[in-house]
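> Sharing a structure here in structure tokens format.
Residue numbers (the working numbering), protein chains in the order written: chain Z, 743 to 1006; chain F, 100 to 465; chain H, 74 to 495.
Structural data, given as structure tokens:
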């Protein structure tokens, strides 16, 4: 289980292979979205909760999953999950809905140094959603459009609160939207790069999280870091995958279940 | 239109390199108005005040956290990027937390053959001047050891005369802001170049600037007073000019604080004369108590014709940030409107400041 | 009022401190009422001199930490900011200035407020903030202020006679100031007595710091941040010496009997920089997983007192403080000391406290991280103010602490299957 502030994910592993996964927006109630996304995954897999030997929860809402046996932070889980997908991974950038994390891992997928930006929106999905909204362009188009610009408007505010009005002003001035987007994506890449530098980036470099689907961010971050980014085909479930792998470890060690309650 | 003085500031690195090549001399970088450049000149070396660039401090960010004064960080960033690789030495004075930390950072990240920590007292008192006099003698000794040549009192007296002459010309140009509409940005560029160029060269540029000022178009914006913690370029003053203002007087390191007071040429002990001027005559808020600093500022304000005060403090500058509420209150009580900026030395902040300056000017004029 | 979040104490001696502190503050108020002169001081103002002149000292930075620990920082900081002081400036200063300048809507101050001052004394060499803060208070309260200066000496102690002369002039200047403004007289014999007691207390504390190298740790940061109080604020008194003698005895007993902070010590951590005074329970946070914060670098003492250097106690103070710089120093020295301590105390991981308003500590944290990276010691950065609790976010801090523990435990045991549920 990976209960983020924007989306909740459930992933079921059997004999080390992913059997099913489900993703739902988190909404106001983390506990109930955890239940719903778990039910969805179980239904897809044709299983009951009791069939699951061990459940590890991670993410922002990890402590409120009533049927979890254990909580492990998303830092460890992303390291583990990314490493499982790309065994040569040593640096993982997770750009989630509301925070951004730079994570190092070792050859065994163990968590190393990490740095988080959870104090502001720069480098997060929320920032891009806000910008897409101001520019009246669908979220999935802003990345490609930003790459079409031949020039770039320099954005001074990476603070979402001020950037919104700055961008609105630029639109009113008739500036080209592709150029504005180019500037915004560049500003994000700069902030993200500063975060990555704190953990000393080493190849292979993985970008996980929803924003991995935005080529405008990916290409610019690659350019700054000087490395090609490996992109998981399903970028949002890296954390849940890591959590499930930890759960599988527990089963192998003979750990006992400790879940408080079944699904209501 | 940008002046020769402005161009000289932009070309300061080339100028320093050219000077080195021409003379075979050593270049010594320094921070802050508290370092007596005369001693470095007397050692036949070139003192160069470090100035930053307003770009992303990508190299310095590895060593510094976010909420620190951006000026020394930007200078350190330039050093790491190689812009200052012509420096043979550095002098770091005991002034504020961030500047004096530069001593340690330079030691570990950018070692130089000569790195001197100047023990500037953090208090103005007779004992402090006495201690500073002794410290300057020690500094002279260190420069002698570094340069391999003795530095006689004569050489120091000569350097004092030269620097006093330069300051005199700066004061002349500065006064012309009030009487002849000379732009504040020109005066600031003149000051910034004084801090980085060989004195003879700067004296030439000053004479030319003074001559030119007789015939140049005059600034006619709203007269304003600028108090700044540190501005290492004249873009902010130019922004004020573009927005309808005219900086007629100022209290800032790269401004009046640099040239207002002379060193006493009549003192038979030039080291003591330097200690007195550099400790007692510079309105540095780290040492000068707020009441004294305010009195000093009010003297500068008086007679300048300024109709408003702009205060530009760099972020995390504790020395100036504590003074601010007191200065604001006292200035407003004397009928002066005050506009405050928290500066970060980024490439893009100027544009955001323009609207505030325009509104401020409109408010005063309206 | 919000609940207190103090650290759990594992030693009996440290439990004595809250009462000592309460009594001390009550005494300062009683002194003031009885007509004794009160000085508001910044840290490092030598109370030995004030005590030798029968002047009561109140150390404001400590008072600010008390306000923070009683969960009053939000209200006071906000008041300080309303009075015009930027969020960039020291949290302690904003708290006190909020207290002084804030309105009627402020909560009751601890102990009824600090005793009313007659004079202010600040040392100028520690940091910029103190100067701005104390000059503001002097003006606001319209009271005389003495600035005690000293050479900075980034390289540490030295024997330069001119440095000594200057330092001595500052101490004598302080005495002259005190004589003028408090009409008390200076008694060198009393100063000598207090200096001797202070030297003894220092040496016992140095010993205690050495004892903390022991595995399992007999005293962690949870106790230490409290145990440091008498040495800072009751220095030069018999009471202070007795406290540390008792603490040392308790430490010896714990070491002899192998008593640690946790039943099985799995991880030893170091806290670098100031703690979050409004949530000291973080020092115990790791204990349920077998982690201890074995040492902290903020008030670290490793140098024994120098023997007496001169008959004249004021000259002696000047000599010894010039020759030995116990506090701060240059950036390089401070970084080297932290790395050395991490090694000597067998530290598995260092928590770097980035307090944005305390420039003195804040400036060197990234450089410290780089040095610790090179030394192969894992670090965790926590960005919260030491006094202003509005900068603290429980969820964010705990996620980082949990992740750091996971990382260290996995590394310690060399196998990912060893991250055990608590």
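Ideal placement from N, C-alpha and C gives every residue a C-beta, glycine not left out.
Check each candidate in H:323, H:113 and H:141 and name the one with the smallest Cα separation from residue 210 (chain H).
H:113
> Hey, how far is the Cα of residue 461 (chain F) from the Cα of residue 362 (chain F)?
Separation of residue 461 (chain F) and residue 362 (chain F) (C-alpha to C-alpha, rounded to the nearest whole angstrom) is 41 Å.
> List, in order along the chain, the chain H residues whose C-beta lies closer than 7 Å to that of residue 169 (chain F)?
The contacting residues do not exist; residue 169 (chain F) stays about 12 Å from chain H at best.
> Is residue 352 (chain H) buried or exposed, if buried means 16 or more other CB atoms sit within 10 Å of its CB?
buried
> Please classify residue 130 (chain F) as buried or exposed, where buried requires at least 16 other C-beta atoms within 10 Å of its C-beta.
buried
> Please state whether DSSP places residue 692 (chain Z) in a helix, a strand or coil.
Since the first and last residues shown for chain Z are 743 and 1006, residue 692 (chain Z) lies out of range.
> Between residue 469 (chain H) and chain Z, is there a C-beta pair that is closer than 9 Å?
yes
> Within the same chain, show all residues whose beta-carbon is closer than 7 Å to that of residue 935 (chain Z), passing over the 5 residues directly before and after it, in chain order.
963, 966 and 967
> For residue 907 (chain Z), count neighbouring C-beta atoms within 10 Å of its own C-beta (all shown protein chains included) and say buried if the count is 16 or more, exposed if not.
exposed
> According to the neighbour-count rule (16 or more other Cβ atoms, all chains shown, within 10 Å of its Cβ), is residue 916 (chain Z) buried or exposed?
Classification of residue 916 (chain Z): exposed, given that the 10 Å Cβ count is below 16.
> What does a CB cutoff of less than 8 Å around residue 894 (chain Z) pick up in its chain, not counting 5 residues either side in sequence?
921, 924, 925 and 928
> With 9 Å as the threshold, decide whether the Cβ of residue 446 (chain F) is near any Cβ in chain Z.
For residue 446 (chain F), the answer is yes, since a Cβ of chain Z falls inside 9 Å of its Cβ.
> 9 Å is my cut-off, CB to CB: does residue 440 (chain F) come that close to chain H?
no
> When DSSP labels each residue in this structure, what does residue 453 (chain H) get in the three-state scheme?
In this structure, residue 453 (chain H) counts as strand in the three-state DSSP scheme.
> Please classify residue 838 (chain Z): does DSSP put it in a helix, a strand, or coil?
coil
> Taking just the CA atoms, how far does residue 355 (chain F) sit from residue 283 (chain F)?
It is roughly 11 Å from the alpha-carbon of residue 283 (chain F) to the alpha-carbon of residue 355 (chain F).
> Residues in its own chain within less than 7 Å of residue 747 (chain Z) by CB, not counting five upstream and five downstream?
768, 802, 839 and 840
> Name, going along the chain, the residues of the stretch 830–861 of chain Z whose beta-carbon falls closer than 8 Å to a beta-carbon of chain H.
850, 851, 852, 853, 854, 855, 856, 857, 858, 860 and 861
> For residue 859 (chain Z), which of helix, strand or coil comes out of DSSP?
strand
> Could you give the DSSP three-state label for residue 947 (chain Z): helix, strand or coil?
Residue state, collapsed to three classes: strand.
> Skipping 5 residues on each side, what residues in its chain have a beta carbon closer than 6 Å to that of residue 439 (chain F)?
410
> Determine the chain H residues that contact residue 815 (chain Z) at a beta-carbon separation under 7 Å, and present them in chain order.
472, 475, 476 and 479
> Thinking residue 140 (chain F) and residue 258 (chain F) are a contact (beta carbons under 8 Å), I'd like their distance in whole angstroms, please.
4 Å
> Answer yes or no: does any C-beta atom of chain H fall closer than 9 Å to that of residue 465 (chain F)?
no
> Residues of chain H with CB closer than 7 Å to the CB of residue 221 (chain F), please, in chain order.
197, 198 and 222
> May I ask you to verify whether the stretch 144–155 of chain F touches the stretch 263–273 of chain F, counting CB pairs closer than 8 Å and requiring at least 3?
By the Cβ rule, the stretch 144–155 of chain F does not count as touching the stretch 263–273 of chain F, because fewer than three pairs are nearer than 8 Å.
> DSSP state of residue 489 (chain H), grouped into three classes?
Only weak support exists for where residue 489 (chain H) lies, its pLDDT of 42 falling under 50; the value from the coordinates is given anyway. If DSSP states are grouped into helix, strand and coil, residue 489 (chain H) belongs with the helices.
> Where residue 445 (chain F) and residue 340 (chain H) are concerned, what is the direct C-alpha to C-alpha distance, given to the nearest angstrom?
42 Å
> Among H:440, H:279, H:330 and H:155, whose alpha-carbon lies nearest the alpha-carbon of residue 179 (chain H)?
H:155
> Is it the case that the Cβ atoms of residue 408 (chain F) and residue 304 (chain F) are separated by a distance below 9 Å?
no
> Nearest-angstrom Cα distance between residue 427 (chain F) and residue 343 (chain F)?
22 Å
> Using a C-beta cutoff of 9 Å, does residue 450 (chain F) count as contacting chain Z?
yes
> Can you tell me whether residue 129 (chain H) is helix, strand or coil according to DSSP?
strand
> Against chain F, with Cβ distances strictly below 9 Å, would residue 936 (chain Z) count as a contact?
Taking Cβ atoms only, chain F reaches closer than 9 Å to residue 936 (chain Z), which makes this a yes.
> Please report whether the beta-carbon of residue 112 (chain H) lies at a distance below 9 Å from any beta-carbon of chain F.
no
> Between F:386, F:414, F:455 and F:277, which has its C-alpha nearest residue 220 (chain H)'s C-alpha?
Looking at F:386, F:414, F:455 and F:277, the one whose alpha-carbon comes closest to that of residue 220 (chain H) is F:386.
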